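Protein sequences appear in the order of chains A and B. For any residue, its number in the numbering used here is found by taking its place in the first sequence, counting from 1, and adding 4. For any residue, its number in the numbering used here is found by taking its place in the second sequence, counting from 1, and adding 4. We put the beta carbon where it would ideally sit given N, CA and C, even for glycine. Since we're looking at a predicted model, the values are computed, not measured. Written below as C-alpha cells is the structure these notes are about.
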Amino acid sequence: KAGVTQTPRYLIKTRGQQVTLSCSPISGHRSVSWYQQTPGQGLQFLFEYFSETQRNKGNFPGRFSGRQFSNSRSEMNVSTLELGDSALYLCASSLVSRQGNNEQFFGPGTRLTVL
Amino acid sequence: AQSVAQPEDQVNVAEGNPLTVKCTYSVSGNPYLFWYVQYPNRGLQFLLKYITGDNLVKGSYGFEAEFNKSQTSFHLKKPSALVSDSALYFCAVRDIYNNNDMRFGAGTRLTVKP
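This is the structure we're talking about:
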C-alpha cells in the first residue's frame, strides 16, 4: 500500500507570493491533517480535514487555508508569504478522525523556503 | 487541553547500551499516547502507541514503551541502542477534548555513538 505522498518536495518562493502544497493520503484514509515544523516552534497543528470538511484549525493566521477533495486528497495554500513561513510542512493521514486510537501516517513533507 | 512534555532536548548513549527517551503527559481520563521518530529531512514514522491493556507496549525496530499511570509517564526504551537509531523522537497524545487533535512534544534528539 502506497504511503502518504506530498508534492512538491522542495519549494522556493519570495515574500508576498502565494503557494499551494498537495497531499495524497493513504488509500482508504479519510482524515488529513497538516502541520508546520520549524526548529524554533517544533510541530504545530495547522488544520484537519475529514470528508471534505475542515474539522479544526490551529492558531495560524487566515493566510493559511486548505481544502479536501472527494478523493480525500488535500491541498493547503499560503498567501502573501512571509519569511517566517519558511518551514517543513507535513501532511498526515489516518483512517477515521474521531477515533482517538488511530495513529497518523506522515508524508515526507514539503520544504518551503521564503526569500 | 491534553499535552505531553519531553524533558530532555538531547540524549546521548553509546552503541549497545540501553536507551530511554522520556515523556510525561497531562490528560484527563485515559490517554491515547504515541511515539514517532523522524530521520533527517523525512516525515515522522509511527513507532508504537498505548491505548489500553498492558503497560508495556512493543513497537517497531525493537522499541518499547512503558505506560506508568501513577507517574503520568510514557518513556520510550530500547535494550540495546544502534547508531542507526540516531534521530529525533516525538511523543504525542490525542487530545480527546479537542477534536482528537494530535499534540506533540518538543522532541528529543537521540545520538547513539559507536
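Exercise for the section: Kindly confirm or deny that the stretch 74-91 of chain A and the stretch 57-71 of chain B touch, where touching means at least three C-beta pairs closer than 8 Å. Expected result: no
Problem - Y36 (chain B), DSSP secondary structure in three states - result: coil
Problem - Under 7 Å between C-beta atoms of G113 (chain A) and G47 (chain B) - result: yes
Practice task
Would you list the residues sitting across from K26 (chain B) in a DSSP beta bridge?
Solution key: BP columns for K26 (chain B) are empty, so no partner.
Handout entry: Beta-carbon proximity of E52 (chain A) to K53 (chain B), cut-off 7 Å
Key = no
Practice task
Check whether the Cβ of G47 (chain B) lies closer than 7 Å to any Cβ atom in chain A.
Solution key: yes
Exercise for the section: Check each candidate in A:S98, A:T117, A:L116 and name the one with the smallest Cα separation from P1 (chain A). Expected result: A query on residue 1 (chain A) cannot be resolved here, the shown segment of chain A reaching from 5 to 119 and no further.
Exercise for the section: Run down chain A in chain order and give the residues with a C-beta less than 8 Å from the C-beta of G111 (chain B). Expected result: G46, L47
Problem - Distance between beta carbons of L94 (chain A) and K17 (chain A), contact taken as under 8 Å - result: The pair is not a contact, with the Cβ atoms about 18 Å apart (cut-off 8 Å).
Practice task
Using only alpha-carbon positions, find the residue among A:S37, A:Q45, A:T117 that is nearest to G111 (chain A).
Solution key: A:S37
Exercise for the section: For G7 (chain A), collect the residues of the same chain with a Cβ closer than 8 Å to its Cβ; drop the 5 residues on either side in sequence, then sort them by chain order. Expected result: I30, F109, G111
Exercise for the section: Can you tell me which of A:N81, A:E56, A:Y39 puts its alpha carbon nearest to the alpha carbon of Q72 (chain A)? Expected result: A:E56
Exercise for the section: Give every residue of the same chain whose Cβ lies closer than 7 Å to the Cβ of N132 (chain B), excluding the five residues on either side of it in the sequence, and list them in chain order. Expected result: Outside the displayed span of chain B (5 to 118) sits residue 132 (chain B), for which this structure offers no information.
Practice task
Kindly list, in the order they appear in chain B, the residues whose Cβ is closer than 8 Å to that of L94 (chain A).
Solution key: G47, L48
Exercise for the section: For L119 (chain A), count neighbouring Cβ atoms within 10 angstroms of its own Cβ and tell me buried if that reaches 16, exposed if not. Expected result: exposed
Practice task
Identify, in the order they occur along the chain, each residue of the same chain with its Cβ nearer than 6 Å to the Cβ of S84 (chain B), setting aside the five sequence neighbours on each side.
Solution key: G20
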